[in-house]
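A quick write-up on the structure given underneath.
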Amino acid sequence: MDRPFNLSLLAVGFSAALAGALTFDPGMLFLLTEIMVVLLLAQMWNLLAGFGGLVSLGQQAFFGLGGYLLFIGANGTQIPFWVWLGVTPLFVGLLAVPIGLVVFHLKNAYFAVGMWVVAEILSALFLRLDFLGGSAGIVLRPGGASMTTNPERLLFFIAAFGFVATIVALRMFLKSTIGLALLGMRDNPDGAAACGVDVRRMHLLVFVISAIGCAAGGALYYITTLYISAGDAFQMNWLIIMMFVSIIGGLGTLTGPILGTLIFFAIREAMTSAGFSGGTYWIVMGALAVAVLLLAPRGLWPLIRNSFIRKTGKATR
Amino acid sequence: MARPSENALLQATGISKSFNGVPAVASVDLDLGIGESVGVIGPNGAGKSTLIGLLVGSHRADAGTLTLDGRDVTSTAEHKRVRAGIARAAQIPQTFGRLTVADNLRLPAVFGAKLHGADVRHWVDEVLELCGLAAQAHVEAQHLGLLSRKRLELAKALATRPSVLLLDEVAAGLTEPEIEQIMALVRSLREGRAILWVEHIPFALRGVCERLVVMDKGAKILDGPFEKVWADPELQAIYMGVPDDALA
Chain A
1 MDRPFNLSLL AVGFSAALAG ALTFDPGMLF LLTEIMVVLL LAQMWNLLAG FGGLVSLGQQ
61 AFFGLGGYLL FIGANGTQIP FWVWLGVTPL FVGLLAVPIG LVVFHLKNAY FAVGMWVVAE
121 ILSALFLRLD FLGGSAGIVL RPGGASMTTN PERLLFFIAA FGFVATIVAL RMFLKSTIGL
181 ALLGMRDNPD GAAACGVDVR RMHLLVFVIS AIGCAAGGAL YYITTLYISA GDAFQMNWLI
241 IMMFVSIIGG LGTLTGPILG TLIFFAIREA MTSAGFSGGT YWIVMGALAV AVLLLAPRGL
301 WPLIRNSFIR KTGKATR
Chain B
1001 MARPSENALL QATGISKSFN GVPAVASVDL DLGIGESVGV IGPNGAGKST LIGLLVGSHR
1061 ADAGTLTLDG RDVTSTAEHK RVRAGIARAA QIPQTFGRLT VADNLRLPAV FGAKLHGADV
1121 RHWVDEVLEL CGLAAQAHVE AQHLGLLSRK RLELAKALAT RPSVLLLDEV AAGLTEPEIE
1181 QIMALVRSLR EGRAILWVEH IPFALRGVCE RLVVMDKGAK ILDGPFEKVW ADPELQAIYM
1241 GVPDDALA
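Those sequence lines, one after another, are chains A and B.
Residue numbers for the first sequence follow the working numbering, beginning at 1 and rising by one.
Residue numbers for the second sequence follow the working numbering, beginning at 1001 and rising by one.
So this is what it looks like as structure tokens:
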């Protein structure tokens, strides 16, 4: 029953991504690609914090690294940028192993702040690297030549289908025995260790997967903007978006962060088009996050799901 | 009654643990043999739960050694000890709230007992049946009552197929008829394994354990056949102020 569902999800995702890429105008494609990137980032933060129990305040480090390494690779070689789009996240995943092994010595809040420090160090480092333009940043010039066209249609297709494929992969992962261990850790990490689960190894696994996903998000996003700077790529705003949409939607569920992302963009787009300036929508997002944390601490999706279960009595079947 | 130590399955020698300089367990020697059920009693703060934590590996010993089947496991991580055959049912049930009862048991069957494929399903069904949880197999653990959660915690430990089963106050908070159900369950688990049962309610241990250990202030005070230790004046002194009928 699960396999046909996953396959049809992939088929629908593929068709929708293709149809969208061929029909929408460039402005819409840019916005939709950004939404896909945030969906991916939120899911990666959720995997780490919601399922793995590792609250990181430094995932923007991997987002920024993904963007920068893609620019370095694409600008410095003749290899097409979309090859780098595939390679860069895996390379960042490798980098995450030593980072994780060091930062895992810190627990809970110390780990969270430790990851923040990692992101700040990288930000400061990239600001000072002159061959990367320093604080001025760099422009995407694949093989040294300027881009003549913006590949927004291809990028939207990659982002949309990539996101659907990520969801299907996560669904399959959570159904596997390793996924079962992760679900156990989500509910009770001490209980999981008492069942024979190597919690530390599981932490490293979700940490690396999350780093790969965040790096893919960064690489994708900065191809659409054609320009990257350390001040933007490593900024805390990326983390805040990941956290907000995961917490509002519901940590530790796959649907929650999707719901949270849709709410985030609905508020942002509605308020911006109504004439509110710059970051005013963050006030509404902040108020919403506080309200959700007070009224439904597990997030909106578990609230909806549980009231549905209460009505149908499905859980006690 | 003291067993020759070469027959011991689990053997702790001089095992100690302090928290911030305050000794919680002070140089305890303890042997457990296969087929043996040992009760542990003692007042609050006697170090009973810490001792269990040291045996299962959620606490690391400051001093002393621990061997399982002759193998030194003193510094072995908890998940590896579980795989080697030491499992604990904790005082506060460490169940997985958003997983079904069956999945709560699948986890220790896969990662603790290292079973694969259909063996997992059969073993989970067997444990469900044994622990009286079969009817609730598809209920999420967060919707269970206290007795069922206590049973599930015991079932989770059992699902790892332990040779040493450590029970930490699995009867606490239950009514008398419920305690009798737990006693019957533990009694049925004695064959082929060693059981160490820490409990505040002595009557639960009396029908199950043939050996009794008394702890006080981190040290092992008494260790011997249940009735002999039970009648020891030193035990009565430790429990002074508790009327006899409350212990009966």
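No residue lacks a Cβ here, since even glycine has one placed at the ideal position from N, Cα and C.
Computed from a prediction, not measured in an experiment: that's the story for all the values here.
Of the choices the options, whose alpha-carbon is the least far from that of residue i?
i	options	result
R1193 (chain B)	B:A1102, B:T1160, B:A1172 and B:L1146	B:T1160
F63 (chain A)	A:F131, A:L41 and A:G218	A:G218
F157 (chain A)	A:W301, A:F24, A:L7 and A:A296	A:F24
W285 (chain A)	A:V102, A:T272, A:R268 and A:N306	The sequence given here places Met at residue 285 (chain A); Trp does not occur at that position. Checked all of A:V102, A:T272, A:R268 and A:N306; the closest Cα to M285 (chain A) is A:R268.
G1097 (chain B)	B:D1069, B:R1190, B:L1146 and B:I1015	B:L1146
F104 (chain A)	A:G76, A:H203 and A:L90	A:H203
K1127 (chain B)	B:G1224, B:A1141, B:Q1142 and B:V1101	Here the sequence assigns Val to residue 1127 (chain B), which means Lys is not the residue at that position. Of the listed residues, the one whose Cα sits closest to V1127 (chain B) is B:V1101.
W1123 (chain B)	B:K1156, B:V1198, B:Q1094 and B:E1234	B:K1156
F1203 (chain B)	B:R1088, B:L1167 and B:I1041	B:I1041
I197 (chain A)	B:S1016, B:G1112 and B:R1106	First, the amino acid is wrong: residue 197 (chain A) is Val here, not Ile. If we check each option's Cα against that of V197 (chain A), B:G1112 comes out closest.
E1169 (chain B)	B:S1148, B:L1009, B:P1233 and B:L1154	B:L1154
L32 (chain A)	A:L220, A:A136, A:G143 and A:A194	A:L220
L1196 (chain B)	B:P1043, B:S1016, B:L1055 and B:E1078	B:L1055
Q1011 (chain B)	B:T1067, B:G1218, B:V1022 and B:I1052	B:T1067
W82 (chain A)	A:R310, A:V92, A:L70 and A:L90	A:L70
I1086 (chain B)	B:I1092, B:P1093, B:T1095 and B:T1074	B:T1074
P1108 (chain B)	A:A193, A:A287 and A:I263	A:A193
List the residues of chain A whose Cβ lies closer than 9 angstroms to the Cβ of residue i, in chain order.
i	result
K1017 (chain B)	Neighbours of K1017 (chain B) on chain A: none; closest Cβ ~17 angstroms, over 9 angstroms.
D1103 (chain B)	L180, L183 and G184
T963 (chain B)	Shown here, chain B extends from 1001 to 1248; a query on residue 963 (chain B) therefore has no answer.
Reducing DSSP to helix, strand and coil, say where residue i ends up.
i	result
T33 (chain A)	helix
T1292 (chain B)	With chain B covering 1001 to 1248 only, the question about residue 1292 (chain B) has no answer from this structure.
A296 (chain A)	coil
K1017 (chain B)	strand
Y1239 (chain B)	coil
G256 (chain A)	helix
S1037 (chain B)	strand
A145 (chain A)	coil
P80 (chain A)	coil
T316 (chain A)	Confidence at T316 (chain A) is low in this model, with a pLDDT of 41, below 50, so the placement of that residue should be treated as unreliable; the coordinate-derived value is given next. Three-state DSSP puts T316 (chain A) in a helix.
V1022 (chain B)	strand
V113 (chain A)	helix
S176 (chain A)	coil
S1027 (chain B)	strand
G1192 (chain B)	coil
D25 (chain A)	coil
A1231 (chain B)	coil
N46 (chain A)	helix
L251 (chain A)	coil
D198 (chain A)	coil
P1202 (chain B)	helix
S277 (chain A)	coil
N108 (chain A)	helix
F14 (chain A)	helix
L155 (chain A)	helix
Give me the chain A residues within the contact set of residue i, using Cβ-Cβ distance strictly less than 8 angstroms, ordered along the chain.
i	result
R1098 (chain B)	L183, R186, D187 and G252
R1193 (chain B)	Near R1193 (chain B) there are no residues of chain A at all, since even the closest Cβ is about 16 angstroms away, more than 8 angstroms.
Q1181 (chain B)	Chain A residues near Q1181 (chain B): none, gap ~22 angstroms exceeds 8 angstroms.
A1061 (chain B)	Residues of chain A passing the Cβ test: none, with the nearest at roughly 17 angstroms.
R1083 (chain B)	G196
Since residue i sits in a beta bridge, which residues does DSSP pair it with?
i	result
P1225 (chain B)	B:R1211
W282 (chain A)	Answer by DSSP bridge pairing: none, since W282 (chain A) is not bridged.
L1010 (chain B)	B:L1032 and B:L1068
W1197 (chain B)	B:G1039 and B:L1167
K1220 (chain B)	B:M1215
V139 (chain A)	A:Y227
Output, in chain order, the set of chain B residues within a Cβ distance shorter than 8 angstroms of residue i.
i	result
G299 (chain A)	Those do not exist, as G299 (chain A) stays about 13 angstroms from chain B at its closest Cβ, beyond 8 angstroms.
V197 (chain A)	H1079, L1107 and F1111
Under 7 angstroms Cβ-Cβ, which residues of chain A neighbour residue i?
i	result
V1124 (chain B)	Going along chain A, no residue has its Cβ under 7 angstroms from V1124 (chain B), so there is no contact; the nearest lies around 12 angstroms.
K1156 (chain B)	C195
R1088 (chain B)	A194
Counting only Cβ pairs nearer than 7 angstroms, list the residues of chain B close to residue i.
i	result
T177 (chain A)	V1110
D130 (chain A)	Here the premise fails: no neighbours, minimum Cβ distance about 46 angstroms.
G191 (chain A)	Q1094, T1095 and F1096
Step through the CB atoms of chain D and report whether any lies within less than 7 angstroms of the CB of residue i.
i	result
Q1094 (chain B)	Absence of chain D from the displayed structure is noted, the protein chains being A and B.
> Mind pulling the beta strand (DSSP E) runs of 3 or more residues that sit fully within the stretch 1084-1165 of chain B?
Replying inline: Entirely contained in the stretch 1084-1165 of chain B, the beta strand (DSSP E) runs reaching 3 residues are, in chain order, 1086-1089.
>> Which runs of the alpha helix (DSSP H) at least 4 residues long sit entirely within the stretch 1047-1077 of chain B? Give them in chain order.
In response: Runs of the alpha helix (DSSP H) inside the stretch 1047-1077 of chain B: 1048-1056.
> Which whole runs of the beta strand (DSSP E) in the stretch 48-102 of chain A are 3 residues long or more, in chain order?
Replying inline: For the stretch 48-102 of chain A, not one full-length beta strand (DSSP E) segment reaches 3 residues or more.
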